[in-house]
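Following: one structure in structure tokens, then a few remarks.
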Amino acid sequence: MKLTDNWKLQWFEPGERPPLEIASPDYTDYFWLDAKVPGDVHSTLVRKRVIDDPFVGHNDMKCRWVEEKEWWYRTRFNWDGEPEDGEIAELLFEGLDTFATVYLNGLELGRTENMLVEHRFDVTGLLRKGENVLAVRFDPVHRSVADKEKRYWCGFEKDRIWTRKAAMNFGWDWGPRLVTVGIWKDVQVRTWRCARIFSVFPRTVSLAEDRAVVGVDVEIWRRPGGREPLAVEVCLAEDGGRSFSAAVRLAAEGCTLSPFADLPQQKASLVLGVDRPKPWWTHDLGEPYLYRLEVTLKSADGSVLDRYEQPFGIRELVLEEKHESGENLFCFRLNGVRLFAKGANWIPVHSFIGAAEDERYEKLLLLARDAGMNMLRVWGGGIYEKDVFYRECDRLGILVWQDFMFANALYPDYNRNFMANVRDEAAKAIRRLRKHTCLALWCGNNEIDWLYEKELTAGRATAPMYGRKIWHELIPELLAELDPARPYRPSTPYGGSDHNAEDVGNRHNWQVWHGNVEPRRFGEPVLQDISVEGVSFKNYKKDRTRFSSEFGMHASSNRHTLKRYIPEGEFYWKSEEMAYRNKDIFHEKGLLLMEGYTGVPRDLDAYIRYSMLTQAEGLKYGIEHYRRRKPFTAGAIIWQLNDCWPGTSWSLVDYGLLPKASYYYARKFFAPVLATIDHDPGRPLAVWLVNDRREAVEDELVLEVVTFEGRLLGSETIRAAAGPNEARLLAEYAEEELLGGAAPEEAAVRLRSRGGLFPDNVYYFRDFKDLRLPPARLTVERSSDRRTITVTADRLARFVMLDIPQEEVVCSDNFFDLFPGETRTVELKHLAGRDIRIEAIAVSALNGEAETEG
623 MKLTDNWKLQ WFEPGERPPL EIASPDYTDY FWLDAKVPGD VHSTLVRKRV
673 IDDPFVGHND MKCRWVEEKE WWYRTRFNWD GEPEDGEIAE LLFEGLDTFA
723 TVYLNGLELG RTENMLVEHR FDVTGLLRKG ENVLAVRFDP VHRSVADKEK
773 RYWCGFEKDR IWTRKAAMNF GWDWGPRLVT VGIWKDVQVR TWRCARIFSV
823 FPRTVSLAED RAVVGVDVEI WRRPGGREPL AVEVCLAEDG GRSFSAAVRL
873 AAEGCTLSPF ADLPQQKASL VLGVDRPKPW WTHDLGEPYL YRLEVTLKSA
923 DGSVLDRYEQ PFGIRELVLE EKHESGENLF CFRLNGVRLF AKGANWIPVH
973 SFIGAAEDER YEKLLLLARD AGMNMLRVWG GGIYEKDVFY RECDRLGILV
1023 WQDFMFANAL YPDYNRNFMA NVRDEAAKAI RRLRKHTCLA LWCGNNEIDW
1073 LYEKELTAGR ATAPMYGRKI WHELIPELLA ELDPARPYRP STPYGGSDHN
1123 AEDVGNRHNW QVWHGNVEPR RFGEPVLQDI SVEGVSFKNY KKDRTRFSSE
1173 FGMHASSNRH TLKRYIPEGE FYWKSEEMAY RNKDIFHEKG LLLMEGYTGV
1223 PRDLDAYIRY SMLTQAEGLK YGIEHYRRRK PFTAGAIIWQ LNDCWPGTSW
1273 SLVDYGLLPK ASYYYARKFF APVLATIDHD PGRPLAVWLV NDRREAVEDE
1323 LVLEVVTFEG RLLGSETIRA AAGPNEARLL AEYAEEELLG GAAPEEAAVR
1373 LRSRGGLFPD NVYYFRDFKD LRLPPARLTV ERSSDRRTIT VTADRLARFV
1423 MLDIPQEEVV CSDNFFDLFP GETRTVELKH LAGRDIRIEA IAVSALNGEA
1473 ETEG
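Using the numbering used here, the letters of the sequence shown correspond one by one to residues 623 to 1476.
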């Protein structure tokens, strides 16, 4: 029985009223606010117009009072059940944010202090036939941790190190401080008799072409004193086809006490043989095929006590750390095939996490899949994501790198109560997520090992590495018991003579953007070069990383997204409100990047376009470099895919679910087969073919050199062939050979596939700021069905942009270049299926506006 209705919300000063008075069934809550559960306090207050939208202007500062209050939720529900002998009743909160006390019918059931995992309460004998009253009190975070030690290193707000909630709630370098509170996930009551299924853990034991072996561990809870024999049946079924089954009987002996409830627990381990298995692949390598797994728990007389279902994919995944040549690797092998991980980091989809609907997850994940991403990293300063995230990644064929929720701070592993809380959290997180086919790797923390050593070397850290016991002892111990076969990394980045070394383990490349001077070794000075050259994306080509799990640069959100949340009169370049959208330190980093590639913008329009162009071209430059290095670089995970609010950040998709230019670039630079050029000004152009497919590929590559006015300087046809999973150098050309006397500032190179094997790719001999682009005239035609826009250019049109004044609209292509005389038709789609205001879409290029409507 889900308890999602009739919730009321009210605030008090901390300690203003006796808790048992407010929790009493007789207390009058008639005048309280109607609240939505799942949800959070801020969202309710916005909906009831108690506070203004915190995303508009500086309103987030005006609602800081919310985190200082004591908040109460109450609901009344009818219970029609008649308790049976031995029946157990449970109250389950899937998410309480954060310091909560739970009351049922005026009785205190218990207290919680962890937002990140579920909480169960035994309510056997406490439910009344008829009306029941459930109340939850939330205490302010700052009061709950006021007496805690906070002297040690911590990025951002220090209250967060003692508070097991999403660290980003306290503010990060891409989002505001909005300390949420409330019932943020589902609430339900369930009853059971005799026994119930507590946890199911399916896994692939072995996989061959003709046969797979699947193991299924089933954890059972029994009622106290229960001695009944049980049966567990497991069935793995194809859609409308074959099925494979196994069963086991369980006597009452051999029970242990559950770590999560005062109940006896048993484990049944079953093995199924699957003939001619259909393996699960990431979407770029094959079909992410999912079987249907069903587990049934029966009593001795054959009656069904409990039933569980989930999709399950048969696959083998290992992390390969040595090449056959002896060189270090950091490469995932999926079903025996080396995988180049292409993807992005995932942060919480909304500052108000509880208010985020499943549809928002589904839309973002479809965007990720459609951009060619086969891996997402759940970053360690957010949450263990909602079930919809992992369910969709299973279905879409996207692997998940999963951090535990520790980021950029020392954590009090010397405190017994804190460690007990963390142990409970980690065990629950492992049990909940290990069943998912998409789960590729566990990681203990975000950047702590790396940054602590740098802080120590710089003399800013004086304490021991508090928290080390968590990710170097406690988590490995739990994984050895609960999920022993999956790869684990204590931290990211991790490995080598510096934890951010490029020759061992994985790496975060923050030379670009942050200007870190690297590589360095342990104990060497910590340096930054905040200059045009120091933050330039050209530094990517120096990187010999095995696996880049963070890298990126800022770009503005789309105009529509910003304009909606910036107050009238403040929507201009360098306004205080525009600056407030950027939560990073040293705002000049973005200006320096643009100065090096586009030149410094002079107004808001130029800033939006220049920042997007720089981000898109910078990521293209880095990722094509990484992909040419395969398998010795085997992953490029961009920081970051999404935003939690309408700001300026590293994201590829803004808060309004409008893709930035870099997203459309990603659809091409993450394509399974890619033609790419390695080139520096004045140096030869090396043409490469990168093939991520499992089979060899061959096509004809047409290389064309064209002036911006449309004169064809030369054309070459190259046999483009590459073996399975191979990057191959195809040809090299001197600049002067291709240019034939033309100026490098006035020509471009285009790579085309004659057979459609790979997307077109365009290169310029010089950076944008140095190009001599003529004015281009764009002709635009809008279709009568409002689904397409066709654009034609008379001269080369650089960075043709369809400026969408509407959220959640995605184009088949955007921010593209048109060669002289070229026409392109762009298809438009609204992610929610709504009508598109096609007449309001403005079309322009960096060197031309739409002058003619066809």
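Cβ atoms here follow ideal geometry from the backbone N, Cα and C, with glycine treated the same way.
The model shown is predicted, which means the values in this text are computed figures rather than measured ones.
Just reading off the beta strand (DSSP E) that residue i is part of, what are its end residues?
| i | result |
| --- | --- |
| Cys-953 | 950-956 |
| Arg-1250 | Premise fails: Arg-1250 lies in the alpha helix (DSSP H), 1226-1250, not in any beta strand (DSSP E). |
| Glu-1047 | Unbroken run through Glu-1047 is the alpha helix (DSSP H), 1038-1055; no beta strand (DSSP E). |
| Lys-944 | 939-944 |
| Ile-819 | 817-829 |
| Tyr-1386 | 1383-1386 |
| Tyr-695 | 692-701 |
| Ile-1340 | 1334-1344 |
| Met-1175 | First-last for Met-1175: undefined, no H or E at that position. |
| Leu-1395 | Neither: Leu-1395 is in no beta strand (DSSP E) and is coded neither H nor E. |
| Arg-765 | Here Arg-765 belongs to no beta strand (DSSP E); instead the alpha helix (DSSP H) covers 763-766. |
Would you report the Cα separation of residue i and residue j, rounded to the nearest angstrom?
| i | j | result |
| --- | --- | --- |
| Asp-1265 | Ala-1472 | 31 Å |
| Pro-1115 | Asp-651 | 51 Å |
| Thr-626 | Glu-1217 | 53 Å |
| Lys-569 | Ile-1152 | Coverage of the chain is limited to positions 623 through 1476, which leaves residue 569 absent and any answer about it impossible. |
| Arg-1053 | Leu-642 | 35 Å |
| Pro-881 | Phe-715 | 17 Å |
| Lys-684 | Asp-675 | 10 Å |
| Leu-1296 | Arg-1350 | 11 Å |
| Glu-1069 | Tyr-911 | 34 Å |
| Gly-1443 | Leu-1395 | 15 Å |
| Lys-772 | Leu-1100 | 28 Å |
| Ala-1382 | Pro-1281 | First, the residue type needs correcting, since residue 1382 is Asp and not Ala in the sequence shown. Their Cα atoms are separated by approximately 20 Å. |
| Glu-1199 | Val-801 | 21 Å |
| Asp-1025 | Ala-1369 | 45 Å |
| Thr-1410 | Arg-1420 | 20 Å |
Going by DSSP, what residues sit across from residue i in a beta bridge?
| i | result |
| --- | --- |
| His-741 | Phe-715 |
| Lys-920 | Ala-853, Val-926 |
| Leu-1311 | Ala-1297, Arg-1350 |
| Ser-1406 | Answer by DSSP bridge pairing: none, since Ser-1406 is not bridged. |
| Gln-888 | Ile-842 |
| Glu-1471 | Ser-1466 |
| Ile-1411 | Arg-1404, Val-1448 |
Examine the ligand PLP and report whether any of its heavy atoms sits within less than 6 Å of the Cβ of residue i.
| i | result |
| --- | --- |
| Ile-1207 | The model depicted lacks the ligand PLP and carries no ligand whatsoever. |
In chain order, what residues of the same chain lie with their CB nearer than 8 Å to the CB of residue i, ignoring the 5 residues before and after it?
| i | result |
| --- | --- |
| Ser-867 | Glu-855, Val-856, Cys-857, Leu-858, Leu-894 |
| Gly-848 | Gly-708, Cys-816, Ala-817, Ala-874, Pro-886 |
So, with DSSP's three-state summary, where would you put residue i?
| i | result |
| --- | --- |
| Trp-629 | strand |
| Ala-1370 | strand |
| Leu-1073 | helix |
| Leu-1360 | helix |
| Pro-798 | strand |
| Asn-1161 | helix |
| Gly-752 | strand |
| Asn-1498 | Lying before the first or after the last residue shown, residue 1498 is absent from the chain, which here runs from 623 to 1476. |
| Gly-1455 | coil |
| Phe-1284 | For the record, residue 1284 in the displayed sequence is Ser; it is not Phe. Looking at Ser-1284 - three-state DSSP - the assignment turns out to be helix. |
| Lys-985 | helix |
| Val-1126 | coil |
| Gly-1212 | helix |
| Leu-1274 | coil |
| Ile-710 | strand |
| Met-623 | coil |
| Lys-1196 | coil |
| Thr-1084 | coil |
| Pro-1098 | helix |
| Gly-862 | coil |
Residues in its own chain within less than 7 Å of residue i by CB, not counting five upstream and five downstream?
| i | result |
| --- | --- |
| Thr-785 | Thr-720, Val-763, Val-767 |
| Gln-1133 | Glu-1140, Asn-1161 |
| Leu-1453 | Lys-985, Leu-1279, Glu-1430, Val-1432 |
Go to residue i, then tell me how far its alpha helix (DSSP H) extends in each direction, as first and last residue.
| i | result |
| --- | --- |
| Cys-1015 | 1009-1018 |
| Asn-681 | 681-684 |
CB-CB under 6 Å to residue i, same chain, minus the five flanking residues each way: which ones, in chain order?
| i | result |
| --- | --- |
| Val-758 | Tyr-695, Ala-722, Val-724 |
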